[in-house]
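S.K.: Take a look at the following structure, please.
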Amino acid sequence: MKILINGLSAVMGGGVTFLAEFVPQIARVGRFDEFVVLVNRSFAPPPGWQDLPPNVSVRRYRMGIAGRLLFEQAILPLLVRREGIDLLFSIADVGSLLAPCSQVVAVRNFNIYHP
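If you read the sequence shown in my numbering, its first letter stands for residue 10, the second for the next number, and so on.
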């Protein structure tokens, strides 16, 4: 299975911690799967990412919030189709409306949605 992990929103705080811990672990568990990880150029690779397994490729993009939202809705579906992605995993509350594959969207903090 080819899995794209959308980590473009992880620039500070809990998103960075989640991505830093999640990617090495899921890559080891899914050693027969291929992982494409999208990160923001401002994401500092944490210790341990120098030794990621060969089934992980990391792609860096430079963009702010507005650019990221546009990318996730307009460009990401095209990238998913071109790359033959089987599953899109978005780590921060927002999925891609037009992605032509199955999706998992992580919602880690429900407090922001509660009155």
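Glycine residues also receive a C-beta, built at the ideal position from the N, C-alpha and C atoms.
1) Out of curiosity, what's the CA-to-CA distance linking Ile35 and Gly22?
2) Work out the CA separation of Ala75 and Ala29 for me, nearest whole Å.
3) In this structure, how does DSSP classify Leu61 when only helix, strand and coil are distinguished?
4) Comparing alpha-carbon positions, which option in Val20, Gly57, Val67, Thr26 lies nearest Thr12?
5) Give a yes or no on whether the minimum CB-CB distance between Leu87 and chain D is below 9 Å.
6) Could you pull the DSSP bridge partners for Glu43 from this structure?
7) Using only CA atoms, which one of Ser51, Asp42, Ala83 lies nearest to Asp95?
8) Assuming Leu87 contacts Ser105 under a Cβ cut-off of 8 Å, what Cβ separation, rounded to an integer in Å, is found between them?
9) Taking a contact to mean a Cβ-Cβ separation below 9 Å, would you say Phe80 touches Leu17 in this structure?
M.R.: On the basis of the coordinates in this document:
1) 20 Å
2) 24 Å
3) coil
4) For the record, residue 12 in the displayed sequence is Ile; it is not Thr. Ile12 has its Cα closest to that of Val67, out of Val20, Gly57, Val67, Thr26.
5) You won't find chain D in this structure, because it holds only one protein chain.
6) Lys11
7) Asp42
8) Rounded, the Cβ-Cβ distance is 10 Å, inconsistent with contact.
9) yes
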